[in-house]
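Engineer: Before I ask anything, here is the structure I am working with.
There are 2 protein chains.
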Amino acid sequence: MASVTGPEIERLIQLLARVPGLGPRSARRAALQLIKKREQLLAPLAEAMRVANERILTCSVCGNVDTSDPCTLCRDPKRDPTVLVVVEDVADLWALERAQATMGAYHVLGGVLSALDGVGPKDLDLDRLVARVAEGVVKEVVLALNATVDGQTTAHYVTELLAPYGVKVTRLAHGVPVGGELDYLDEGTLAAAMRQRTAL
Amino acid sequence: MASVTGPEIERLIQLLARVPGLGPRSARRAALQLIKKREQLLAPLAEAMRVANERILTCSVCGNVDTSDPCTLCRDPKRDPTVLVVVEDVADLWALERAQATMGAYHVLGGVLSALDGVGPKDLDLDRLVARVAEGVVKEVVLALNATVDGQTTAHYVTELLAPYGVKVTRLAHGVPVGGELDYLDEGTLAAAMRQRTAL
Numbered sequence: 000m001a002s003v004t005g006p007e008i009e010r011l012i013q014l015l016a017r018v019p020g021l022g023p024r025s026a027r028r029a030a031l032q033l034i035k036k037r038e039q040l041l042a043p044l045a046e047a048m049r050v051a052n053e054r055i056l057t058c059s060v061c062g063n064v065d066t067s068d069p070c071t072l073c074r075d076p077k078r079d080p081t082v083l084v085v086v087e088d089v090a091d092l093w094a095l096e097r098a099q100a101t102m103g104a105y106h107v108l109g110g111v112l113s114a115l116d117g118v119g120p121k122d123l124d125l126d127r128l129v130a131r132v133a134e135g136v137v138k139e140v141v142l143a144l145n146a147t148v149d150g151q152t153t154a155h156y157v158t159e160l161l162a163p164y165g166v167k168v169t170r171l172a173h174g175v176p177v178g179g180e181l182d183y184l185d186e187g188t189l190a191a192a193m194r195q196r197t198a199l
Numbered sequence: 000m001a002s003v004t005g006p007e008i009e010r011l012i013q014l015l016a017r018v019p020g021l022g023p024r025s026a027r028r029a030a031l032q033l034i035k036k037r038e039q040l041l042a043p044l045a046e047a048m049r050v051a052n053e054r055i056l057t058c059s060v061c062g063n064v065d066t067s068d069p070c071t072l073c074r075d076p077k078r079d080p081t082v083l084v085v086v087e088d089v090a091d092l093w094a095l096e097r098a099q100a101t102m103g104a105y106h107v108l109g110g111v112l113s114a115l116d117g118v119g120p121k122d123l124d125l126d127r128l129v130a131r132v133a134e135g136v137v138k139e140v141v142l143a144l145n146a147t148v149d150g151q152t153t154a155h156y157v158t159e160l161l162a163p164y165g166v167k168v169t170r171l172a173h174g175v176p177v178g179g180e181l182d183y184l185d186e187g188t189l190a191a192a193m194r195q196r197t198a199l
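Chains as they are written, first to last, in numbering that gives the first Met the number 0: chain A, 0 to 199; chain B, 0 to 199.
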């Protein structure tokens with residue numbers, strides 16, 4: 000390729016290939032489209048990335064990313080500081096916000112415990128979580144972690160960690176996804192949904 | 000989302016969603032990863048895009064994109080100016096170069112004729128193609144167009160357009176892709192491969 004295009008295009012393709020969702024092949028296609036739609040797409044995207052790179056901060060309270068620290072959510076007086084929702088990742092925080100699932104505050108762990116990936120307690124933002132709970136304002140900690148083995152291992156670990164502070168620790172309900180068809184669901188979910196059935 | 004993240008992140012997500020290969024959902028995931036890997040990915044990508052936007056030109060001879068005009072290929076004395084390979088798109092030119100399929104010169108049409116998409120001869124770079132052929136250097140025009148209805152319609156149109164100039168007009172061979180299994184091939188390809196079978 001170096002003989003066909005300059006190093007500038009080659010470098011753009013290489014970097015695009017590292018964006019999640021794009022591979023080496025689609026990165027080439029994306030680069031070409033960006034160059035074609037230079038004024039509508041390439042220039043604004045370059046500028047948006049530059050601005051994002053300059054202005055975006057990680058919230059020192061909850062771990063969310065925003066242009067202010069503390070973040071918009073942490074500064075929002077309408078949020079309930081007595082409910083602390085613990086998530087693995089900023090993406091999960093965003094997902095819960097899109098769903099308007101809670102008015103509680105958040106805490107981003109930055110991962111889950113994983114023996115396979117070599118992620119231990121030291122790699123997660125647990126000290127700050129304990130410190131926040133120790134302040135005494137939080138009454139309930141909702142562990143909104145993925146329903147995977149690692150997620151559940153982490154949930155149990157955090158539960159034990161927070162035991163001395165006498166806060167209520169909860170987790171998200173298991174069950175049939177809204178709009179989901181029973182036929183396509185795994186047995187574990189179906190069994191959990193049956194056990195936790197609710198009165199109509 | 001506007002309440003969770005600043006307008007800067009929202010704008011980055013919106014622009015990423017317009018990159019081919021990314022949708023609204025994967026754009027959000029990509030934006031988050033870019034922000035997480037700010038120094039390794041976001042900053043270099045922003046810079047690569049800025050540089051590409053500033054430096055990349057469309058070659059006024061062949062229609063390739065490069066940082067020089069005429070492009071590297073058009074200035075390469077090792078290319079054979081008597082063979083002119085006509086492609087629909089820069090992506091096709093790149094594909095042929097990766098395959099080292101030809102040492103000829105290129106001409107990018109910028110599309111194919113399509114009644115459905117309202118693409119007529121005026122929308123393609125045909126005048127310049129005719130002008131290049133009329134110069135008298137080109138002996139063979141290879142129509143390296145997609146084997147689709149639109150591609151073949153365009154091939155026929157270009158063939159008629161070039162008839163007065165007495166150049167040889169060829170197209171790519173049809174056949175079994177290298178590594179392809181007969182069982183998965185369509186009947187048209189199989190029939191063409193049989194008709195054009197070669198001696199071993």
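The beta-carbon is built from N, C-alpha and C at its ideal position, and this holds for glycine as well.
Should A/N52 be flagged as near chain B, meaning a C-beta pair shorter than 9 Å?
Structural biologist: Yes, its Cβ sits closer than 9 Å to a Cβ of chain B.
Engineer: For chain B, check one thing: does any of its Cβ atoms lie closer than 9 Å to the Cβ of A/M193?
Structural biologist: Not closer than 9 Å to any Cβ of chain B, the Cβ of A/M193 fails to qualify, so no.
Engineer: Near B/D122, what residues of its chain come up, given a Cβ to Cβ distance below 8 Å and the 5 sequence neighbours on each side ignored?
Structural biologist: Only G109, G110 meet the Cβ criterion.
Engineer: How many Å lie between B/L44 and A/M48 at the Cα?
Structural biologist: For B/L44 and A/M48, the distance between alpha carbons rounds to 8 Å.
Engineer: Ignoring anything shorter than 4 residues or poking outside the segment 121-171 of chain B, list the alpha helix (DSSP H) runs there in chain order.
Structural biologist: Qualifying alpha helix (DSSP H) stretches, in chain order: 125-133, 148-161.
Engineer: Just how far apart, CA to CA, sit B/E7 and B/L112?
Structural biologist: Rounded to whole angstroms, B/E7 to B/L112 spans 40 Å at the Cα level.
Engineer: From A/Q99 to A/Q195, what does the alpha carbon distance come to, in whole angstroms?
Structural biologist: Roughly 23 Å between the two C-alpha positions.
Engineer: Thinking B/A146 and B/H173 are a contact (beta carbons under 8 Å), I'd like their distance in whole angstroms, please.
Structural biologist: Confirmed, about 6 Å.
Engineer: Are the Cβ atoms of B/V82 and B/E139 separated by less than 9 Å?
Structural biologist: Yes, the Cβ-Cβ distance between B/V82 and B/E139 is below 9 Å.
Engineer: Quick one: which chain A residues come within Cβ less than 8 Å of B/R27?
Structural biologist: Under the 8 Å cutoff, chain A gives A90, W93.
Engineer: At a Cβ cut of 7 Å, what residues of the segment 39-69 of chain B count as close to chain A, listed as they run along the chain?
Structural biologist: Under the 7 Å Cβ criterion, the segment 39-69 of chain B contributes L40, L41, A42, P43, L44, A45, A47, M48, R49, V50, A51, N52, R54, I55, V64, D65, T66.
Engineer: Mind checking which residues open and close the alpha helix (DSSP H) that includes B/G187?
Structural biologist: Per DSSP, B/G187 belongs to the alpha helix (DSSP H) from 186-194.
Engineer: Leaving aside the five residues before and after A/V86 along the sequence, list all residues of the same chain whose C-beta is less than 8 Å from its C-beta, in chain order.
Structural biologist: Contacts found: L92, L95, Y105, H106, V107, L108, A143, L144.
Engineer: Among A/T169, A/C61, A/L189, A/P23, which residue has its Cα nearest to the Cα of A/P80?
Structural biologist: The option with the nearest alpha carbon to A/P80 is A/C61.
Engineer: Note down, in chain order, each residue of its chain lying with its Cβ closer than 6 Å to the Cβ of B/T152, except the 5 sequence neighbours on either side.
Structural biologist: Excluding residues within five positions, the ones whose Cβ falls inside 6 Å are L112.
Engineer: If distances are taken between C-alpha atoms only, which option among A/V175, A/S67, A/L14 comes closest to B/L40?
Structural biologist: When each option's Cα is compared against that of B/L40, the closest is A/L14.
Engineer: What's the gap between the Cα of B/T57 and the Cα of B/G150?
Structural biologist: The straight-line gap from Cα to Cα measures roughly 23 Å.
Engineer: Hey, could you find the ends of the alpha helix (DSSP H) A/L72 is sitting in?
Structural biologist: Taken as a continuous stretch (DSSP letters only), the alpha helix (DSSP H) holding A/L72 covers 71-74.
Engineer: Quick check on B/D79: does DSSP put it in helix, strand or coil?
Structural biologist: Note: B/D79 maps to strand in three-state DSSP.
Engineer: Would you list the one or two residues that DSSP bridges to A/D65?
Structural biologist: DSSP lists A/L56 as partners of A/D65.
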